[in-house]
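A short write-up of the structure that comes next.
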Amino acid sequence: AETAAKAAPAELLEAGQALTEHESKRLLGAYGVTGPAQTLVRTVDEAIAAAKALGYPVALKIQSRDIAHKTEIGGVRLGLADEAAVREAFTRIIESARFGAPFAGIQGILVQRMAPKGLEALAGVVVDPTFGPMVTVGLGGIHTEIFKDVVSAPAPIDETQALALVQRLKAWPLFAGARGANPADSAALARTVAALSRFAWDHRQHL
(Lines of atoms letter the chains of each structure in order from A and count residues from 1; the text may use other names and numbers.)
(Lines give C-alpha, C1' and ligand atoms only; values in the text may rest on other atoms or scores of the structure.)
Protein backbone atom coordinates (compact mmCIF):
# COMPACT_ATOMS: atom_id res chain seq x y z
CA ALA A 1 0.00 0.00 0.00
CA GLU A 2 2.88 2.34 0.77
CA THR A 3 4.36 1.86 -2.72
CA ALA A 4 0.97 2.42 -4.31
CA ALA A 5 0.37 5.54 -2.25
CA LYS A 6 3.66 7.00 -3.44
CA ALA A 7 2.76 6.12 -7.05
CA ALA A 8 -0.53 8.02 -6.91
CA PRO A 9 -0.20 11.33 -8.80
CA ALA A 10 0.24 13.97 -6.11
CA GLU A 11 -1.47 16.69 -8.15
CA LEU A 12 -4.71 14.68 -8.02
CA LEU A 13 -4.77 14.39 -4.24
CA GLU A 14 -5.71 17.94 -3.30
CA ALA A 15 -8.52 17.88 -0.77
CA GLY A 16 -11.97 19.05 -1.80
CA GLN A 17 -11.62 18.86 -5.57
CA ALA A 18 -13.80 16.84 -7.92
CA LEU A 19 -11.92 14.70 -10.42
CA THR A 20 -12.86 13.55 -13.88
CA GLU A 21 -13.31 9.86 -14.64
CA HIS A 22 -9.94 9.81 -16.39
CA GLU A 23 -8.18 11.39 -13.40
CA SER A 24 -9.93 9.10 -10.93
CA LYS A 25 -8.81 6.04 -12.86
CA ARG A 26 -5.22 7.31 -12.86
CA LEU A 27 -5.36 7.43 -9.07
CA LEU A 28 -7.04 4.06 -8.62
CA GLY A 29 -4.78 2.47 -11.22
CA ALA A 30 -1.87 2.90 -8.80
CA TYR A 31 -3.74 0.45 -6.54
CA GLY A 32 -4.42 -2.09 -9.25
CA VAL A 33 -8.02 -1.04 -9.91
CA THR A 34 -8.44 -1.40 -13.65
CA GLY A 35 -11.26 -1.04 -16.16
CA PRO A 36 -11.84 -1.03 -19.90
CA ALA A 37 -8.96 0.33 -21.99
CA GLN A 38 -9.27 4.05 -22.65
CA THR A 39 -7.57 7.07 -24.18
CA LEU A 40 -8.07 10.78 -23.51
CA VAL A 41 -8.29 12.79 -26.75
CA ARG A 42 -8.86 16.39 -27.79
CA THR A 43 -9.75 16.22 -31.49
CA VAL A 44 -12.11 14.15 -33.59
CA ASP A 45 -9.18 12.67 -35.55
CA GLU A 46 -7.56 11.59 -32.28
CA ALA A 47 -10.86 10.04 -31.21
CA ILE A 48 -11.12 8.03 -34.42
CA ALA A 49 -7.52 6.84 -34.12
CA ALA A 50 -8.06 5.88 -30.49
CA ALA A 51 -11.25 3.96 -31.32
CA LYS A 52 -9.44 1.99 -34.02
CA ALA A 53 -6.60 1.17 -31.63
CA LEU A 54 -8.91 0.18 -28.77
CA GLY A 55 -11.33 -1.77 -30.93
CA TYR A 56 -15.01 -1.16 -31.57
CA PRO A 57 -17.52 -0.68 -30.05
CA VAL A 58 -16.43 2.29 -27.95
CA ALA A 59 -17.92 4.91 -25.67
CA LEU A 60 -17.16 8.65 -25.70
CA LYS A 61 -17.41 10.70 -22.49
CA ILE A 62 -16.78 14.40 -21.89
CA GLN A 63 -14.08 15.06 -19.26
CA SER A 64 -14.50 18.19 -17.14
CA ARG A 65 -14.18 18.86 -13.44
CA ASP A 66 -16.99 21.38 -13.89
CA ILE A 67 -19.52 18.84 -15.21
CA ALA A 68 -20.72 16.52 -12.46
CA HIS A 69 -23.44 14.78 -14.48
CA LYS A 70 -22.12 14.07 -17.97
CA THR A 71 -25.19 12.21 -19.20
CA GLU A 72 -27.60 15.02 -18.33
CA ILE A 73 -25.92 17.47 -20.72
CA GLY A 74 -25.48 14.92 -23.51
CA GLY A 75 -21.82 14.32 -22.70
CA VAL A 76 -21.88 10.53 -23.07
CA ARG A 77 -22.34 8.35 -26.17
CA LEU A 78 -22.28 4.56 -25.92
CA GLY A 79 -21.98 1.61 -28.27
CA LEU A 80 -20.28 3.45 -31.16
CA ALA A 81 -19.57 0.82 -33.78
CA ASP A 82 -17.59 2.58 -36.49
CA GLU A 83 -15.70 5.72 -37.56
CA ALA A 84 -18.80 7.55 -38.73
CA ALA A 85 -20.51 7.00 -35.37
CA VAL A 86 -17.45 8.24 -33.48
CA ARG A 87 -17.19 11.35 -35.66
CA GLU A 88 -20.85 12.24 -35.16
CA ALA A 89 -20.78 11.49 -31.42
CA PHE A 90 -17.66 13.61 -30.87
CA THR A 91 -19.27 16.58 -32.63
CA ARG A 92 -22.54 16.24 -30.72
CA ILE A 93 -20.78 15.93 -27.36
CA ILE A 94 -18.80 19.13 -27.93
CA GLU A 95 -21.93 20.97 -29.08
CA SER A 96 -23.91 19.72 -26.06
CA ALA A 97 -21.17 20.78 -23.65
CA ARG A 98 -20.99 24.27 -25.15
CA PHE A 99 -24.75 24.65 -24.81
CA GLY A 100 -25.31 22.86 -21.48
CA ALA A 101 -22.14 23.97 -19.66
CA PRO A 102 -20.72 26.97 -21.54
CA PHE A 103 -18.28 27.96 -18.77
CA ALA A 104 -16.94 24.47 -18.07
CA GLY A 105 -13.25 23.77 -18.54
CA ILE A 106 -12.98 20.77 -20.88
CA GLN A 107 -9.96 18.48 -20.50
CA GLY A 108 -10.93 16.36 -23.49
CA ILE A 109 -13.06 13.39 -24.39
CA LEU A 110 -12.45 9.91 -23.05
CA VAL A 111 -12.59 7.15 -25.67
CA GLN A 112 -13.29 3.90 -23.88
CA ARG A 113 -13.70 0.38 -25.12
CA MET A 114 -17.18 -0.90 -24.26
CA ALA A 115 -17.23 -3.57 -21.58
CA PRO A 116 -19.09 -6.79 -22.41
CA LYS A 117 -22.53 -7.25 -20.92
CA GLY A 118 -22.62 -8.74 -17.45
CA LEU A 119 -23.87 -8.29 -13.91
CA GLU A 120 -23.18 -4.73 -12.76
CA ALA A 121 -21.79 -4.04 -9.30
CA LEU A 122 -21.29 -0.84 -7.35
CA ALA A 123 -18.14 -0.21 -5.31
CA GLY A 124 -17.55 3.07 -3.51
CA VAL A 125 -16.42 4.87 -0.40
CA VAL A 126 -18.35 7.02 2.06
CA VAL A 127 -16.92 8.80 5.09
CA ASP A 128 -18.67 8.06 8.36
CA PRO A 129 -18.17 10.73 11.07
CA THR A 130 -17.47 7.99 13.62
CA PHE A 131 -15.81 5.14 11.71
CA GLY A 132 -14.05 7.12 9.00
CA PRO A 133 -13.84 5.77 5.43
CA MET A 134 -16.31 2.97 4.77
CA VAL A 135 -16.08 0.83 1.65
CA THR A 136 -19.46 0.01 0.11
CA VAL A 137 -20.42 -2.67 -2.40
CA GLY A 138 -23.75 -3.51 -3.94
CA LEU A 139 -25.83 -4.36 -6.96
CA GLY A 140 -25.09 -1.77 -9.62
CA GLY A 141 -26.58 -0.26 -12.74
CA ILE A 142 -30.26 0.63 -12.82
CA HIS A 143 -30.83 -1.62 -9.81
CA THR A 144 -28.83 0.57 -7.42
CA GLU A 145 -31.58 3.11 -6.79
CA ILE A 146 -34.43 0.60 -7.03
CA PHE A 147 -33.29 -2.10 -4.62
CA LYS A 148 -30.66 -0.22 -2.57
CA ASP A 149 -28.92 -3.54 -1.97
CA VAL A 150 -25.60 -2.37 -0.51
CA VAL A 151 -23.39 -3.37 2.41
CA SER A 152 -20.49 -1.48 4.00
CA ALA A 153 -17.45 -2.08 6.19
CA PRO A 154 -14.74 0.15 7.69
CA ALA A 155 -11.62 0.44 5.52
CA PRO A 156 -9.21 -1.13 5.03
CA ILE A 157 -10.29 -4.72 4.30
CA ASP A 158 -8.49 -7.55 2.51
CA GLU A 159 -9.80 -9.67 -0.35
CA THR A 160 -11.19 -12.39 1.93
CA GLN A 161 -13.13 -9.81 3.92
CA ALA A 162 -14.27 -8.13 0.70
CA LEU A 163 -15.64 -11.40 -0.66
CA ALA A 164 -17.47 -12.02 2.61
CA LEU A 165 -18.95 -8.53 2.25
CA VAL A 166 -20.21 -9.32 -1.25
CA GLN A 167 -21.73 -12.57 0.02
CA ARG A 168 -23.85 -10.57 2.48
CA LEU A 169 -25.76 -8.95 -0.37
CA LYS A 170 -29.33 -10.05 -1.00
CA ALA A 171 -28.27 -10.26 -4.64
CA TRP A 172 -25.45 -12.72 -3.87
CA PRO A 173 -27.28 -15.60 -5.63
CA LEU A 174 -27.09 -13.54 -8.85
CA PHE A 175 -23.33 -13.20 -8.45
CA ALA A 176 -23.02 -16.91 -7.63
CA GLY A 177 -24.95 -17.93 -10.75
CA ALA A 178 -28.64 -18.36 -9.94
CA ARG A 179 -30.91 -20.57 -12.09
CA GLY A 180 -28.09 -21.93 -14.20
CA ALA A 181 -26.63 -18.58 -15.17
CA ASN A 182 -22.87 -18.25 -15.39
CA PRO A 183 -21.42 -16.98 -12.11
CA ALA A 184 -19.93 -13.51 -12.02
CA ASP A 185 -16.22 -13.03 -11.32
CA SER A 186 -16.70 -12.47 -7.59
CA ALA A 187 -12.96 -12.80 -6.95
CA ALA A 188 -12.25 -9.87 -9.27
CA LEU A 189 -14.94 -7.83 -7.54
CA ALA A 190 -13.42 -8.66 -4.15
CA ARG A 191 -9.97 -7.56 -5.37
CA THR A 192 -11.43 -4.28 -6.57
CA VAL A 193 -13.29 -3.63 -3.31
CA ALA A 194 -10.20 -4.45 -1.24
CA ALA A 195 -7.98 -2.21 -3.37
CA LEU A 196 -10.52 0.62 -3.16
CA SER A 197 -10.58 0.25 0.62
CA ARG A 198 -6.77 0.50 0.77
CA PHE A 199 -6.87 3.63 -1.36
CA ALA A 200 -9.52 5.17 0.91
CA TRP A 201 -7.51 4.38 4.02
CA ASP A 202 -4.18 5.63 2.65
CA HIS A 203 -5.76 8.89 1.51
CA ARG A 204 -8.37 9.35 4.25
CA GLN A 205 -7.09 12.87 4.93
CA HIS A 206 -8.23 13.90 1.45
CA LEU A 207 -11.74 12.44 1.68
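Per our numbering: the sequence shown = residues 1055 to 1261.
Each residue gets a CB set at the ideal place from its N, CA and C atoms; glycine is no exception.
All values reported here derive from a predicted model rather than from experimental measurement.
Subject >> Helix, strand or coil at THR1093 according to DSSP, with G and I counted as helix >> reply: Looking up residue 1093 in the sequence shown gives position 39. In this structure, THR1093 counts as strand in the three-state DSSP scheme.
**OP:** Give the secondary structure of ILE1116 by DSSP, where H, G and I count as helix, E and B as strand, and everything else as coil.
**Re:** Position 62 of the sequence shown, counting from 1, holds the residue named residue 1116. ILE1116: strand per DSSP, three-state reduction.
Original post:
For ILE1200, does the count of other Cβ atoms within 10 angstroms reach 16, so buried, or fall short, so exposed?
Top reply: Looking up residue 1200 in the sequence shown gives position 146. When all chains shown are included, ILE1200 counts as exposed.
Original post:
Below 8 Å, can you find three or more Cβ-Cβ pairs linking the region 1177-1197 to the region 1139-1147?
Top reply: no
**OP:** Would you give the residue range spanned by the beta strand (DSSP E) that THR1190 belongs to?
**Re:** Looking up residue 1190 in the sequence shown gives position 136. From DSSP, the beta strand (DSSP E) with THR1190 extends over 1186-1193.
Subject >> Per DSSP, cross-strand counterpart(s) of ALA1175 >> reply: Along the sequence shown, read from residue 1 onward, the residue named residue 1175 stands at position 121. Looking at the DSSP assignment, ALA1175 forms a beta bridge with LEU1193.
Original post:
Quick one: is ALA1155 buried, meaning 16 or more other Cβ sit within 10 Å of its Cβ, or exposed?
Top reply: Sequence index remark: in the sequence shown, residue 1155 carries index 101 (1-based). Answer is buried; the Cβ neighbour count reaches 16.
Original post:
Between GLY1172 and ALA1238, what straight-line distance do the alpha-carbon atoms span, to the nearest angstrom?
Top reply: Position 118 of the sequence shown, counted from the first residue, corresponds to residue 1172. Position 184 of the sequence shown, counted from the first residue, corresponds to residue 1238. Whole-angstrom Cα-Cα distance: 8 Å.
**OP:** Pair every Cβ in the region 1158-1171 with every Cβ in the region 1192-1208, then say whether three or more of these pairs are closer than 8 Å.
**Re:** no
**OP:** Starting from ASP1182, follow its DSSP beta bridges and name the residues at the other end.
**Re:** Numbered from 1 along the sequence shown, position 128 holds the residue referred to as residue 1182. According to DSSP, ASP1182 bridges with GLY1186.
Original post:
Which word fits GLY1129, buried or exposed, when buried means at least 16 other C-beta atoms lie within 10 angstroms of its C-beta?
Top reply: To locate residue 1129, count along the sequence shown from 1; it is residue 75. That one is buried.
**OP:** Say whether the region 1077-1085 touches the region 1125-1140, bearing in mind that this needs 3 or more beta-carbon pairs closer than 8 Å, one atom from each stretch.
**Re:** no
**OP:** For GLN1117, count neighbouring C-beta atoms within 10 Å of its own C-beta (all shown protein chains included) and say buried if the count is 16 or more, exposed if not.
**Re:** Locating residue 1117 in the sequence shown gives position 63, where the first residue counts as 1. When all chains shown are included, GLN1117 counts as buried.
**OP:** Report all residues from its chain with a CB closer than 8 Å to the CB of ALA1241; omit the five preceding and five following residues, and keep chain order.
**Re:** As a working note, residue 1241 is residue 187 in the sequence shown. The residues are GLU1213 and LEU1217.
Original post:
Closest by CA to ARG1258, which one among ASP1136, GLU1137, ASP1182 and GLY1231?
Top reply: Position 204 of the sequence shown holds residue 1258. Residue ASP1182 is the option with its Cα nearest to ARG1258.
**OP:** Give me whichever residues DSSP pairs with VAL1130 in a beta bridge.
**Re:** For the purposes of this step, residue 1130 is taken as residue 76 along the sequence shown, with counting starting at 1. DSSP lists LYS1115 as partners of VAL1130.
Original post:
For ALA1230, which residues from the same chain have a beta carbon less than 6 Å from its beta carbon, with the 5 sequence-adjacent residues on both sides left out?
Top reply: Counted from its first residue, the sequence shown places residue 1230 at position 176. Closer than 6 Å at the Cβ level, and outside the excluded window around ALA1230, lie PRO1237.
**OP:** Assuming THR1246 and VAL1087 form a contact by the criterion Cβ under 8 Å, report the distance between their Cβ atoms to the nearest whole angstrom.
**Re:** Here residue 1246 corresponds to residue number 192 of the sequence shown, with the count starting at 1. Here residue 1087 corresponds to residue number 33 of the sequence shown, with the count starting at 1. Going by Cβ atoms, the distance from THR1246 to VAL1087 rounds to 6 Å, so yes, they are a contact pair.
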